[in-house]
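A.B. asks: If you scroll down you'll find the structure; I have some questions about it.
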Amino acid sequence: MEADFAVIGGGLVGLSVALGLLNAGQKVVVIDGAESDPKASRGNFGLIWLQGKGVSQPRYARWSKESADLWVGFARDLSDITGVDLGLRQEGGLDLHFSDDSLEFAISENEAIQAKLGADYPFEVLGPDALRSEEPEVGPKVAGAVLHPGDGHADPLALLTALAKAVSLKGGQILAGAPVVGVAPRDGGFSLTCEDGSQVRTARVVLAAGLGAIKLGPSLGFCAPLKPERGQVLITEKMPPLLRRPSLIARQVHAGGIQIGATNEDVGMSRSVTFEGVAKLAADAVDAYPALARAQLLRAWGALRVMSPDGLPIYQESDEFPGAFMVSCHSGVTLAAVHAMRLPSWILKQADAPDLGVFGDDRFAA
Ligand SMILES: Cc1cc2nc3c(=O)[nH]c(=O)nc-3n(C[C@H](O)[C@H](O)[C@H](O)COP(=O)(O)OP(=O)(O)OC[C@H]3O[C@@H](n4cnc5c(N)ncnc54)[C@H](O)[C@@H]3O)c2cc1C
1 MEADFAVIGG GLVGLSVALG LLNAGQKVVV IDGAESDPKA SRGNFGLIWL
51 QGKGVSQPRY ARWSKESADL WVGFARDLSD ITGVDLGLRQ EGGLDLHFSD
101 DSLEFAISEN EAIQAKLGAD YPFEVLGPDA LRSEEPEVGP KVAGAVLHPG
151 DGHADPLALL TALAKAVSLK GGQILAGAPV VGVAPRDGGF SLTCEDGSQV
201 RTARVVLAAG LGAIKLGPSL GFCAPLKPER GQVLITEKMP PLLRRPSLIA
251 RQVHAGGIQI GATNEDVGMS RSVTFEGVAK LAADAVDAYP ALARAQLLRA
301 WGALRVMSPD GLPIYQESDE FPGAFMVSCH SGVTLAAVHA MRLPSWILKQ
351 ADAPDLGVFG DDRFAA
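Just so you know, UniProt numbering puts 249 at position 249 of the sequence shown, and the rest follows in order with no gaps.
Rendered as structure tokens:
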């Protein structure tokens, strides 16, 4: 099989980039790994979130903002093509705090980002009364919140389904259950070997394999210093409309359940659910929204975030193997719109390519 681009990894990141490359007229094959691989895209929280992002790197704040701004059109186009409703609600998000100290710290971080982005980074601080008139179910233990109007949420599984469907409808090929075990430069392009022995010939390759890039990255000249971070998430039975806006503690999904999460745990590759994790998430959720004490929990799961050492995305063309690109991030829902609509022009070196220099994987070389 021959392609202009082989995208290794069929999660949110690989499929978003693949869709963008197809829209740019490229012949694309997506090669996805095994069912047993960790798949962040199947276990995430579904936020489109700007708040607090880019304290150490304003370019990240701008890139996230560009994506959030593109999301409405991105979701509309995807739904038009595929008929899948992404459940997008983008009417602001709340960062709730249980103490004045923690709220003050969040305000100082938001002010630091606003100092760099100005009017492009609006936010509002809500004291207890203002907060409860915006979000009536918030309980008395919450000291206040930061409201960012660009934040929102969507159904991440619907997004994944829609992306896969759109890639196929646009003529892309998806090879599922075909982990790539070898990549070698060949005749000015690359030859990829899958676990079942099949070969894919491609002019260029995009490594978007989530945590799978740890193993494959060095063979393409990337550092790929990624680490897993476990997040446990819970979902309740369907409830009547309760939460107006998503927060970092809970969001009401468009089918009605309240999704609660997520933990941040350094436990290697374990995706287990723990009693301590679930109990802490549930206790915080009830402290934030006391009405949740009545809710029945339906399900809990654990999934692994794909983390770089500084938490920023990685966009890098290999110095050693030009034509090989690495794409990785820990906010694949938020950044899906830029990955589909802006990143392809950087990969294709077009005149309107975004400047992504600060996100090079070479920043970890030392
Ligand atoms: C608990 C949790 C909550 C999160 N919440 C949010 C949120 O609210 N908002 C947000 O924006 N982001 C969130 N994220 C992050 C988001 O889910 C990830 O950024 C995104 O899913 C990463 O997508 P990916 O395609 O890089 O990785 P994955 O989804 O892990 O996909 C990688 C794919 O590569 C494949 N693969 C691996 N090795 C190979 C190989 N050798 N050959 C071929 N294929 C291979 C795997 O099989 C897999 O399908 C969350 C993540 C977690 C875990």
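Backbone N, C-alpha and C define an ideal beta-carbon position, used for all residues, glycine too. Keep in mind the model is a prediction, meaning the values are calculated, not measured.
(1) List, from N- to C-terminal side, the beta strand (DSSP E) runs of 3 residues or more that fit wholly inside the segment 304-350.
(2) From Q114 to L147, what distance separates their C-alpha atoms?
(3) Run through the DSSP bridge pairs and tell me what V29 is partnered with.
(4) What does K227 pair with, by DSSP beta-bridge criteria?
(5) Closer than 6 Å to a non-hydrogen atom of ligand 1 - does that hold for the CB of I347?
(6) Could you pull out every residue in the same chain whose Cβ sits closer than 7 Å to the Cβ of T161, ignoring the five residues on either side in sequence?
(7) Give me the Cβ distance between F5 and T202, rounded to the nearest whole Å; I'm assuming they're in contact under 8 Å.
(8) Taking the alpha carbon of M269 as the reference point, which residue from E276, A279, R294, A303 has its own alpha carbon closest?
(9) Given the structure, does A324 come close to ligand 1, in the sense that its CB is under 6 Å from one of the ligand's heavy atoms?
(10) Flag this pair as yes or no: are the beta carbons of A176 and D37 separated by less than 7 Å?
(11) Provide the residue span of the alpha helix (DSSP H) that contains V72, from first to last.
(12) Compute the Euclidean distance between the alpha carbons of R299 and E320, then round it to the nearest angstrom.
(13) Give the straight-line distance between the Cα atoms of G14 and L94, rounded to the nearest whole angstrom.
(14) At a cut-off of 6 Å, is F45 close to ligand 1 when judged by its beta-carbon and the heavy atoms of the ligand?
(15) Pick from Q296, W71, S102, K215: whose alpha carbon is nearest that of L159?
(16) Taking only heavy atoms of ligand 1 into account, decide whether any of them is closer than 6 Å to the Cβ of I8.
(17) For R271, which three-state DSSP category applies?
(18) Is the segment 133-141 touching the segment 272-290, taking contact as three or more C-beta pairs under 8 Å?
(19) Can you tell me where the beta strand (DSSP E) with L356 in it begins and where it stops?
(20) Take H330 and list the residues in its own chain whose beta-carbon comes closer than 6 Å to its own, dropping the five residues that flank it on each side.
(21) Counting Cβ pairs closer than 8 Å, one from the segment 250-257 and one from the segment 216-231, do we hit at least three?
(22) From the DSSP output, in three-state form, read off E265 for me.
(23) Nearest-angstrom Cα distance between D120 and L103?
(24) Check whether the Cβ of L159 lies closer than 6 Å to any heavy atom of ligand 1, and answer yes or no.
(25) Buried or exposed, going by whether 16 or more other CB atoms sit within 10 Å of the CB of N264?
(26) Which two residues bound the contiguous alpha helix (DSSP H) that contains G20?
(27) Jot down the residue ranges of each uninterrupted beta strand (DSSP E) in the segment 110-161, minimum 3 residues, whole runs only, in chain order.
(28) Provide the residue(s) that pair with F190 in DSSP beta bridges, ordered along the chain.
(29) In terms of DSSP beta bridges, what is H97 paired with?
(30) With a CB to CB cut of under 7 Å and the five nearest residues on each side skipped, what residues in its chain are close to E35?
(31) Hey, could you find the ends of the alpha helix (DSSP H) A213 is sitting in?
(32) May I ask you to report which of helix, strand or coil DSSP gives V167?
(33) Once you ignore the five residues that flank A293 on each side, which residues in its own chain have a CB closer than 7 Å to its CB?
(34) Out of L86, F123, D352, R62, point me to the one whose CA is closest to A75's CA.
(35) If you draw a straight line from the alpha carbon of G73 to that of I174, how long is it in whole angstroms?
(36) Three-state secondary structure (DSSP) at V253?
C.D. replies: Walking through what the data contain:
(1) Unbroken beta strand (DSSP E) stretches of 3 residues or longer found wholly inside the segment 304-350: 314-317, 324-328, given in chain order.
(2) Their Cα atoms are separated by approximately 13 Å.
(3) Note: V29 sits in a beta bridge opposite A6, Q173.
(4) DSSP, once it has assigned bridges, lists M307 as partnering K227.
(5) At a threshold of 6 Å, I347 does not count as near ligand 1, since its beta carbon sits no closer than that to any of the ligand's heavy atoms.
(6) Result list for T161: V84, in chain order.
(7) Sure, about 6 Å apart at Cβ, within 8 Å.
(8) For M269, the closest C-alpha among the options E276, A279, R294, A303 is that of A303.
(9) Checking the Cβ of A324 against ligand 1 gives no.
(10) Taking C-beta atoms as the reference points, A176 and D37 fail to come closer than 7 Å.
(11) It spans 58-82 - the alpha helix (DSSP H) in which V72 sits, taken as one unbroken run.
(12) Straight-line Cα distance between these residues: approximately 46 Å.
(13) G14 and L94: Cα-Cα distance of roughly 29 Å.
(14) Result yes, Cβ under 6 Å from ligand 1.
(15) Checking every option, the nearest Cα to that of L159 belongs to W71.
(16) Distance from the C-beta of I8 to the nearest heavy atom of ligand 1 is below 6 Å.
(17) Three-state result, R271: coil.
(18) They touch, by the three-pair rule.
(19) Per DSSP, L356 belongs to no beta strand (DSSP E) and is neither H nor E.
(20) R305, V306, M307, listed in sequence order.
(21) Judged by pairs of C-beta atoms under 8 Å, the segment 250-257 does not touch the segment 216-231, as fewer than three such pairs exist.
(22) DSSP places E265 in strand when its eight states are reduced to three.
(23) As the crow flies, the alpha-carbon of D120 is around 22 Å from that of L103.
(24) The nearest non-hydrogen atom of ligand 1 is 6 Å or more from the C-beta of L159.
(25) N264 is exposed by the Cβ-count criterion.
(26) Note, G20: alpha helix (DSSP H), 12-23.
(27) Counting only runs of 3 or more, we get 124-126, 144-148.
(28) Residue pairing of F190 in beta bridges, as defined by DSSP: P185, T202.
(29) In the DSSP assignment, the residues bridged to H97 are G144.
(30) Same-chain partners within the cutoff: G177.
(31) 213-216 is the extent of the alpha helix (DSSP H) around A213.
(32) In this structure, V167 counts as helix in the three-state DSSP scheme.
(33) Excluding positions up to five away in sequence, the list reads V286.
(34) Of the candidates L86, F123, D352, R62, L86 places its Cα closest to the Cα of A75.
(35) The alpha-carbon atoms of G73 and I174 are separated by roughly 25 Å.
(36) DSSP places V253 in coil when its eight states are reduced to three.
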